[in-house]
Amino acid sequence: MEKKEEVFSFLKSMGFPAVRVHHPVNHFDFTKKGRNILVIGPMGAGKTEFAAKIYRDSQIALKKSDKIRELTTDGTSDRRIVYFIRSRMEEKRFPDAPKNAIVYRGGYKEIENIASINSSFDLEKVIDQHPEVGTWIIDEAGFYDERLAYVVENYRKKHNVNFVFPMLILNFRKDIFNRTCRLIVQNATDVFPLTAYCEHPDCITDAYYTYRYYLVDGVECPALYFDPLIIVQNSGISTDPKIPNYSTRCDKHHYLPGKEYTFLILKPLGELAYAGNINPLIKELKNIKYDIQKSELYNHFIEKYVKGEKLNPIMMNALRVSCIAEKALIYLFSEENIISNGQLKWISREISGNIEYINERLIENKKNYLDDLQEE
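Following this line, the structure appears as structure tokens:
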């Protein structure tokens with residue numbers, strides 16, 4: 067604080083007005099080596115655009131003299147040579163974009179050094195094929211297996227290269243995204259936190275969170291807490307009640323109904339089913355699917371959001387979306403690991419669940435496709 071006052075006094079003595087001096091937006095420093103750099107923030111904060119800027123900086127730095135090359139090179143790797151790794155799921159999100167492009171909201175940049183991967187094993191192959199690369203940008207690293215964190219860390223230490231991770235740290239539940247994210251965070255050396263405007267129409271404050279919602283008949287319906295962790299959505303606004311939309315939101319406008327229900331009611335029902343008493347879970351799922359007002363979910367919401375001390379009727383909109391029973395079942399199977407593969411198949415048939423929806427979500431969440439679970 068004392069140092070800030072000294073700077074302020076100095077500026078005043080030079081005849082400058084009282085102004086706030088912000089940190090400059092610097093070019094990427096390719097002379098620094100052995101870094102794991104996190105670029106974090108909600109969807110829409112500009113993480114991938116930040117990565118594109120690093121690539122643009124590299125094109126300028128590569129035109130410098132051999133004297134600069136000596137500062138940016140270790141062994142065969144030159145940190146000015148940047149390679150971008152994108153997930154194959156991004157091809158589904160942006161089907162109209164070129165496959166050799168860094169894609170972000172509002173545009174894309176085509177580059178030469180780019181590859182799409184599905185796993186840490188794919189990443190190893192790409193790295194082995196490009197020993198000259200000194201800066202690796204891995205977009206949305208949280209979508210890959212935990213092994214990736216160790217592949218990256220071992221290679222970084224051995225070759226003094228840099229890794230940049232434009233990524234979501236928090237999921238739509240405001241929880242740490244997964245164990246891959248946690249491991250990458252543990253090994254981070256630098257972090258660039260980005261924010262975005264809250265996208266609620268009545269708000270312009272900083273947003274730190276990714277909000278998931280559905281549009282049903284033009285009405286905003288917040289995603290339930292037990293919504294599948296990963297649902298890949300194409301770019302643009304979805305009006306399909308099974309496919310969500312995402313926006314950045316502040317604390318006040320980030321709605322997340324059903325967390326208490328999940329742990330107070332749904333998970334215990336799953337534990338009963340695992341222990342052999344499957345009927346209470348079947349009853350709740352059938353009520354949710356065919357007569358939701360009889361379900362414990364509906365009654366819990368009425369008590370909490372309509373009759374409770376903190377009224378929040380927008381939370382009731384969450385019950386307007388499709389496949390709620392299927393979502394509850396997927397959550398118990400893929401995230402809590404409470405019900406078995408066999409129980410998942412049997413319950414899905416018993417409630418006449420939407421098998422196509424279940425299988426799509428299982429694939430996106432890295433679970434086996436239930437190929438013998440077919441629509442009757």
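Numbers in our numbering are just positions in the sequence shown, counted from 1, shifted up by 66.
Virtual Cβ for every residue (Gly too), placed ideally from N, Cα, C.
All of these numbers come straight from a predicted model, not from anything done at the bench.
So for Ser75, helix, strand or coil by DSSP?
For the purposes of this step, residue 75 is identified with residue 9 of the sequence shown, where counting begins at 1. DSSP places Ser75 in helix when its eight states are reduced to three.
Minimum C-alpha distance to Phe160 - residue among Ser182, Pro334 and Asp123:
On the sequence shown, residue 160 is found 94 positions in, with the first residue counted as 1. Selected option, being the one with the closest Cα: Ser182.
Only counting the same chain, and skipping five residues up and downstream in sequence, which positions put a Cβ closer than 7 angstroms to that of Lys433?
Against the sequence shown, residue 433 aligns to sequence position 367. The residues are Ser400.
Please determine, among Pro334, Asp357 and Arg248, the residue with the shortest C-alpha to C-alpha distance to Leu347.
Position 281 of the sequence shown, counted from the start, is the residue given in the question as residue 347. Out of Pro334, Asp357 and Arg248, Pro334 has the C-alpha closest to the C-alpha of Leu347.
Please state whether DSSP places Lys224 in a helix, a strand or coil.
Numbered from 1 along the sequence shown, position 158 holds the residue referred to as residue 224. DSSP, read as helix, strand or coil, puts Lys224 in helix.
For the alpha helix (DSSP H) that Arg135 lies in, which residues bound it at each end?
As a first step, residue 135 is located in the sequence shown; it is residue number 69 there, counting from the start. Bounds of the alpha helix (DSSP H) holding Arg135 are Asp132 to Thr138.
Determine the direct distance from the alpha carbon of Ile309 to that of Glu287, and round the result to whole angstroms.
Within the sequence shown, residue 287 is the residue found at index 221, counting from 1. Within the sequence shown, residue 309 is the residue found at index 243, counting from 1. For the record, residue 287 in the displayed sequence is Cys; it is not Glu. In this structure, the alpha-carbon of Cys287 lies about 12 angstroms from that of Ile309.
Among Ser153, Arg146, Asn300 and Pro259, which residue has its Cα nearest to the Cα of Asn228?
As a working mapping, residue 228 is identified with position 162 in the sequence shown. By alpha-carbon distance to Asn228, the top candidate from Ser153, Arg146, Asn300 and Pro259 is Arg146.
Proximal residues to Tyr275 (C-beta, below 6 angstroms), its chain only, five neighbours per side dropped
Taking the first residue of the sequence shown as 1, we reach residue 275 at position 209. Residues of the same chain with a CB within less than 6 angstroms of the CB of Tyr275, apart from the 5 flanking positions on each side, are Pro108, Lys240, Arg315 and His320 in chain order.
Just verifying my parser: in three-state terms, what is the DSSP assignment at Cys448?
Summary: the structure shown does not reach residue 448, with the chain confined to residues 67 through 442, and so no result is reported for it.
Straight-line Cα distance separating Glu72 from Tyr210
As a position in the sequence shown, residue 210 is number 144, starting the count at 1. As a position in the sequence shown, residue 72 is number 6, starting the count at 1. Cα-Cα distance, rounded: 48 angstroms.
Taking the beta strand (DSSP E) that Thr114 falls in, what are its first and last residues?
Looking up residue 114 in the sequence shown gives position 48. Taken as a continuous stretch (DSSP letters only), Thr114 belongs to no beta strand (DSSP E), being part of the alpha helix (DSSP H) at Lys113 to Ala127.
Let's test the definition: count the other Cβ atoms within 10 Å of the Cβ of Thr142 and tell me whether it reaches 16, buried, or not, exposed.
Against the sequence shown, residue 142 aligns to sequence position 76. It counts as exposed.
Using the C-alpha atoms, what's the distance from Tyr397 back to Ile404?
Here residue 404 is taken as the residue at index 338 of the sequence shown, counted from 1. Here residue 397 is taken as the residue at index 331 of the sequence shown, counted from 1. Computed Cα separation, rounded: 9 angstroms.
Contacting residues, own chain, Cβ-Cβ under 6 angstroms from Lys352 (five flanking each side not counted):
Taking the sequence shown and counting its residues from 1, one reaches residue 352 at position 286. Within the same chain, Lys352 has close Cβ partners Ile417.
Can you tell which of Tyr312, Ile368 and Phe96 has its C-alpha closest to the C-alpha of Leu234?
For the purposes of this step, residue 234 is identified with residue 168 of the sequence shown, where counting begins at 1. That would be Tyr312, whose Cα lies nearest to the Cα of Leu234.
When Ile358, Asn407, Ile203 and Glu402 are compared against Asn383, the one with the closest alpha-carbon:
Taking the first residue of the sequence shown as 1, we reach residue 383 at position 317. Measuring from the Cα of Asn383, the nearest candidate turns out to be Ile358.
By a C-beta neighbour count over all protein chains shown, 10 Å radius and 16 as the cutoff for buried, is Val285 buried or exposed?
As a first step, residue 285 must be located in the sequence shown, where it is residue number 219. Classification of Val285: exposed, given that the 10 Å Cβ count is below 16.
Measure how close the beta-carbons of Thr201 and Val148 come, nearest whole angstrom, since I'm counting them as under 8 angstroms.
Along the sequence shown, one-based indexing puts residue 201 at 135. Along the sequence shown, one-based indexing puts residue 148 at 82. Thr201 to Val148, Cβ: 5 angstroms. Contact.
Coarse secondary structure for Ala167, derived from DSSP in three states
The sequence position of residue 167 within the sequence shown is 101, counting from 1. Ala167 sits in a strand when the DSSP states are folded into three classes.
Selected residue, minimal CA-CA separation from Phe329, among Ala262, Asn300, Phe238 and His366
As a first step, residue 329 is located in the sequence shown; it is residue number 263 there, counting from the start. Phe329 has its Cα closest to that of His366, out of Ala262, Asn300, Phe238 and His366.
Extent of the continuous alpha helix (DSSP H) run through Val7
Outside the displayed range of the chain (67 to 442) lies residue 7, so it cannot be described from this structure.
Is it the case that the Cβ atoms of Val105 and Ala117 are separated by a distance below 8 angstroms?
Counted from its first residue, the sequence shown places residue 105 at position 39. Counted from its first residue, the sequence shown places residue 117 at position 51. At a Cβ-Cβ threshold of 8 angstroms, Val105 and Ala117 count as neighbours.
Considering just the uninterrupted stretch of the beta strand (DSSP E) at Ile151, what are its terminal residues?
Here residue 151 is taken as the residue at index 85 of the sequence shown, counted from 1. In the DSSP annotation of this structure, the continuous segment of the beta strand (DSSP E) that includes Ile151 starts and ends at Ser143 to Ser153.
On the premise that Ile103 lies in contact with Thr246, defined as a C-beta separation below 8 angstroms, what is that separation, rounded to the nearest angstrom?
Translated into positions along the sequence shown, residue 246 becomes position 180. Translated into positions along the sequence shown, residue 103 becomes position 37. Not a contact, Cβ separation roughly 16 angstroms.
Jot down the residue ranges of each uninterrupted beta strand (DSSP E) in the segment 373 to 429, minimum 3 residues, whole runs only, in chain order.
With a minimum length of 3 residues, no continuous beta strand (DSSP E) run stays inside the segment 373 to 429.
Same chain only: Cβ atoms within 6 angstroms of Asn226, ignoring 5 sequence neighbours per side
Taking the first residue of the sequence shown as position 1, residue 226 is located at position 160. Closer than 6 angstroms at the Cβ level, and outside the excluded window around Asn226, lie Lys99, Gly100 and Asp140.
Please indicate yes or no: does the CB of Cys287 lie closer than 7 angstroms to some heavy atom of the ligand COA?
Within the structure as shown, the ligand COA is missing, as the structure has no ligands at all.
Quick check: what's the CA-CA separation for Glu422 versus Asn300?
Counted from its first residue, the sequence shown places residue 422 at position 356. Counted from its first residue, the sequence shown places residue 300 at position 234. CA-CA distance, Glu422 to Asn300, rounds to 18 angstroms.
So for Phe238, helix, strand or coil by DSSP?
Numbered from 1 along the sequence shown, position 172 holds the residue referred to as residue 238. When secondary structure is reduced to three states using DSSP, Phe238 falls in the coil class, being assigned neither helix nor strand.
Who pairs with Leu104 in a beta bridge, going by DSSP?
Here residue 104 refers to the residue found at position 38 of the sequence shown. Beta-bridge pairing links Leu104 to Phe231 and Val257.
By DSSP, does Asn431 sit in helix, in strand, or in coil?
The sequence position of residue 431 within the sequence shown is 365, counting from 1. Annotated three-state conformation of Asn431 is coil, per DSSP.
I'd like to check one pair, Ile354 with Ala394: are the Cβ atoms closer than 8 angstroms?
Position 328 of the sequence shown, counted from the first residue, corresponds to residue 394. Position 288 of the sequence shown, counted from the first residue, corresponds to residue 354. Note that the C-beta distance between Ala394 and Ile354 is below 8 angstroms.
Work out the CA separation of Glu350 and Arg427 for me, nearest whole Å.
In the sequence shown, the residue the question calls residue 427 occupies position 361. In the sequence shown, the residue the question calls residue 350 occupies position 284. Straight-line spacing of the CA atoms in Arg427 and Glu350 works out to 21 angstroms.
Looking at C-alpha atoms only, which residue of Tyr221, Asp162 and Thr305 is the closest neighbour of Ile193?
Position 127 of the sequence shown, counted from the start, is the residue given in the question as residue 193. Considering only alpha carbons, the answer is Tyr221.
Per DSSP, Lys175 forms a beta bridge with which residues?
By 1-based counting over the sequence shown, the position of residue 175 is 109. Bridge partners of Lys175: Ile168.
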